[in-house]
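Peer 1: I'd like to ask you about the structure that follows.
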Amino acid sequence: MNIETFTWGIWREGEQYEYYLPEKINHPWKWEHAGLSALLEEASLKLGELNSFARLVPNIDLFIQLHVTTEAVISSRIEGTRTNIDEALLPEDAVAPERRQDWIEVRNYREALNTAIALLDELPISSRLIKRTHEILLSGVRGEHRNPGEYRTSQNWIGGATIQDAVFIPPAHIYVHDLMGDLENFLHNEDIDLPDLIRIGMVHDQFEAIHPFLDGNGRIGRLLITLYLVSRKILNQPLLYLSRFFEQHKGTYYDNLMRVRRDNDMIGWLRYFLIGIRDTAVQAADTLSGVLQLKEDLESRLRQEWGRRTHSGLKLLEHLFRYPVVDIKTVQGVCDLSARAAGNLVRSFEEAGILQEITGQYRNRKYLFESYLNRFRD
Numbered sequence: 518m519n520i521e522t523f524t525w526g527i528w529r530e531g532e533q534y535e536y537y538l539p540e541k542i543n544h545p546w547k548w549e550h551a552g553l554s555a556l557l558e559e560a561s562l563k564l565g566e567l568n569s570f571a572r573l574v575p576n577i578d579l580f581i582q583l584h585v586t587t588e589a590v591i592s593s594r595i596e597g598t599r600t601n602i603d604e605a606l607l608p609e610d611a612v613a614p615e616r617r618q619d620w621i622e623v624r625n626y627r628e629a630l631n632t633a634i635a636l637l638d639e640l641p642i643s644s645r646l647i648k649r650t651h652e653i654l655l656s657g658v659r660g661e662h663r664n665p666g667e668y669r670t671s672q673n674w675i676g677g678a679t680i681q682d683a684v685f686i687p688p689a690h691i692y693v694h695d696l697m698g699d700l701e702n703f704l705h706n707e708d709i710d711l712p713d714l715i716r717i718g719m720v721h722d723q724f725e726a727i728h729p730f731l732d733g734n735g736r737i738g739r740l741l742i743t744l745y746l747v748s749r750k751i752l753n754q755p756l757l758y759l760s761r762f763f764e765q766h767k768g769t770y771y772d773n774l775m776r777v778r779r780d781n782d783m784i785g786w787l788r789y790f791l792i793g794i795r796d797t798a799v800q801a802a803d804t805l806s807g808v809l810q811l812k813e814d815l816e817s818r819l820r821q822e823w824g825r826r827t828h829s830g831l832k833l834l835e836h837l838f839r840y841p842v843v844d845i846k847t848v849q850g851v852c853d854l855s856a857r858a859a860g861n862l863v864r865s866f867e868e869a870g871i872l873q874e875i876t877g878q879y880r881n882r883k884y885l886f887e888s889y890l891n892r893f894r895d
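Per my numbering, the sequence shown starts with residue 518, numbered consecutively.
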């Protein structure tokens with residue numbers, strides 16, 4: 518099949534509306550567009566550089582969870598939540614009641630992503646894994662009554678107050694299982710000689726066209742990209758997420774998806790997708806490099822200036838790279854100190870500009886590793 522000439526779907530009449538029925542994609546594919554091949558080479562190179570760099574980083578696990586949290590914040594924000602990364606790192610009881618629902622949605626996304634990554638050790642990317650991830654995503658939040666963990670059995674739509682003024686209407690529910698089966702087969706069809714980045718770009722587009730759930734499709738669709746890269750060992754660690762790129766170019770993102778539906782322009786979508794992979798890989802490597810430099814600088818400073826407090830200071834610093842928000846009680850446990858000694862250590866970190874108090878309270882104070890979080894902020 519030729520990507521440039523294929524008809525990717527048809528529009529069908531429903532009850533007082535028109536819905537889009539994508540064609541199945543589990544076929545061999547080819548293209549002639551030289552620009553796409555050049556972008557594929559660039560994106561693959563930058564992704565390989567990121568993976569090689571990450572393999573050289575000692576204690577890479579220290580930094581993974583903040584990458585995951587950043588992705589959870591941004592991917593959820595695309596869907597309308599207002600939680601920022603500082604707030605996402607707080608315990609639930611420290612979040613203002615009016616913002617707690619958004620905080621739970623971000624927490625769910627983080628848990629869904631972590632669970633899905635862990636499940637890859639025993640399951641391929643499949644309907645079973647996708648549904649389990651979706652179930653966690655919608656647990657206890659606004660979409661919890663919209664069949665978490667189950668493909669839809671009714672019509673959904675995107676945009677508009679009613680289906681009649683919707684921006685896009687996915688296929689009728691009777692086609693969902695068959696189309697998702699085809700997508701799953703395409704993901705794992707080793708007889709198809711297709712570069713992985715082209716394959717997952719097509720999968721993301723197809724998943725968004727099918728929109729198999731009543732809610733949470735965007736977040737699951739974005740999450741699938743990272744899951745695929747990890748499952749194929751293209752990335753050894755989940756360090757690349759396209760949500761920030763999609764959010765920064767939100768109009769272009771939706772326009773490119775819709776051009777596949779309206780104009781059969783898959784090449785345009787894949788070009789945009791590969792630019793996102795390339796640019797995001799470069800940004801992720803820069804972030805990791807900045808984090809490593811920060812860690813080296815602070816460790817050197819502690820060793821040179823802190824004397825007998827160096828051991829406790831280094832233990833706290835390592836903890837902060839994993840959990841950038843702490844309180845005195847946490848520092849006690851991490852560094853095996855008395856409450857007074859832990860308080861003194863935190864004050865020393867404040868005076869050194871490493872920690873900032875963020876509650877403004879006299880009791881139950883919490884402290885933020887600001888310079889670290891700045892590497893992950895927009």
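A virtual CB, placed ideally from N, CA and C, is assigned to each residue, including glycine.
Compute the beta-carbon to beta-carbon distance between Leu630 and Glu588, rounded to the nearest angstrom, for a pair I have assumed lies under 8 Å.
Peer 2: Yes, they are in contact, since the Cβ atoms of Leu630 and Glu588 sit about 7 Å apart, within 8 Å.
Peer 1: Three-state secondary structure (DSSP) at Val848?
Peer 2: Reduced to three states, the DSSP call for Val848 is helix.
Peer 1: Just list the residues that DSSP pairs Lys812 with in beta bridges.
Peer 2: Answer is none; Lys812 lacks a bridge partner.
Peer 1: By the three-class DSSP mapping on this structure, what secondary structure does Ile792 have?
Peer 2: Residue state, collapsed to three classes: helix.
Peer 1: Whether or not the segment 677-695 and the segment 526-539 are in contact is what I'm after, with contact meaning three or more pairs of Cβ atoms, one per stretch, closer than 8 Å; do they touch?
Peer 2: Yes, since at least three Cβ pairs between the segment 526-539 and the segment 677-695 fall closer than 8 Å, the two stretches touch.
Peer 1: In this structure, how does DSSP classify Phe724 when only helix, strand and coil are distinguished?
Peer 2: Residue state, collapsed to three classes: helix.
Peer 1: Tell me which residues share the same chain as Ile875 and place their Cβ nearer than 6 Å to its Cβ, disregarding the 5 neighbours each side in the sequence.
Peer 2: Same-chain partners within the cutoff: Lys883, Leu885.
Peer 1: Assign Leu562 to one of two classes, buried (16 or more other C-beta atoms within 10 Å of its C-beta) or exposed (fewer than that).
Peer 2: Answer is exposed; the Cβ neighbour count stays below 16.
Peer 1: Comparing alpha-carbon positions, which option in Pro608, Glu521, Tyr692 lies nearest Arg529?
Peer 2: Taking only the C-alpha atoms, the option nearest Arg529 is Tyr692.
Peer 1: Looking at Phe570 and Val805, is the spacing between their C-beta atoms short of 8 Å?
Peer 2: The sequence shown places Leu at residue 805, not Val. Contact flag set, yes.
Peer 1: DSSP beta-bridge partners for Gln873?
Peer 2: Gln873 pairs with Leu885.
Peer 1: Using 8 Å as the Cβ pair cut-off and three pairs as the minimum, do the segment 776-796 and the segment 864-875 touch?
Peer 2: Not touching, per the Cβ criterion.
Peer 1: From Tyr626, Lys541, Glu604, pick the residue whose C-alpha is nearest to that of Arg616; which is it?
Peer 2: Nearest option by C-alpha distance: Glu604.
Peer 1: Could you please give me the residues that DSSP links to Leu538 through a beta bridge?
Peer 2: Bridge partners of Leu538: Ile527.
Peer 1: If contacts are defined as beta-carbon pairs under 8 Å, then Ser671 and Pro665 qualify, I think. What distance do you get, rounded to the angstrom?
Peer 2: Contact flag wrong, Cβ pair sits at about 15 Å.
Peer 1: Determine contact between the segment 543-555 and the segment 720-732, defined as no fewer than three beta-carbon pairs at a distance below 8 Å.
Peer 2: No: the two stretches stay apart, fewer than three of their Cβ pairs being nearer than 8 Å.
Peer 1: Measure the C-alpha to C-alpha separation of Ile717 and Thr797 and round it to an integer number of angstroms.
Peer 2: The alpha-carbon atoms of Ile717 and Thr797 are separated by roughly 16 Å.
Peer 1: Per DSSP, Phe685 is paired with what?
Peer 2: According to DSSP, Phe685 bridges with Ile675.
Peer 1: Taking the continuous alpha helix (DSSP H) assigned at Tyr758, which residues delimit it?
Peer 2: Premise fails: Tyr758 is in no alpha helix (DSSP H) and is neither H nor E.
Peer 1: How many Å lie between Gly738 and Val851 at the Cα?
Peer 2: If you take the alpha carbons of Gly738 and Val851, they lie about 38 Å apart.
Peer 1: Tell whether a beta-carbon distance below 8 Å holds between Leu791 and Ala560.
Peer 2: Contact flag set, yes.
Peer 1: Between the alpha carbons of Thr600 and Asp708, how many angstroms are there, rounded?
Peer 2: Distance between the alpha carbons of Thr600 and Asp708 is about 44 Å.
Peer 1: When you compare only the Cα positions, how much space is there between Leu557 and Lys541?
Peer 2: In a straight line, the C-alpha of Leu557 is about 23 Å away from that of Lys541.
Peer 1: Going by beta carbon distance, what residues of the same chain come within less than 8 Å of Ser897, once the five residues before and after it are set aside?
Peer 2: Missing from the structure shown is residue 897; the chain here goes from 518 to 895 and no further.
Peer 1: Alpha carbon to alpha carbon, what distance is there between Glu628 and Leu744?
Peer 2: The alpha-carbon atoms of Leu744 and Glu628 are separated by roughly 14 Å.
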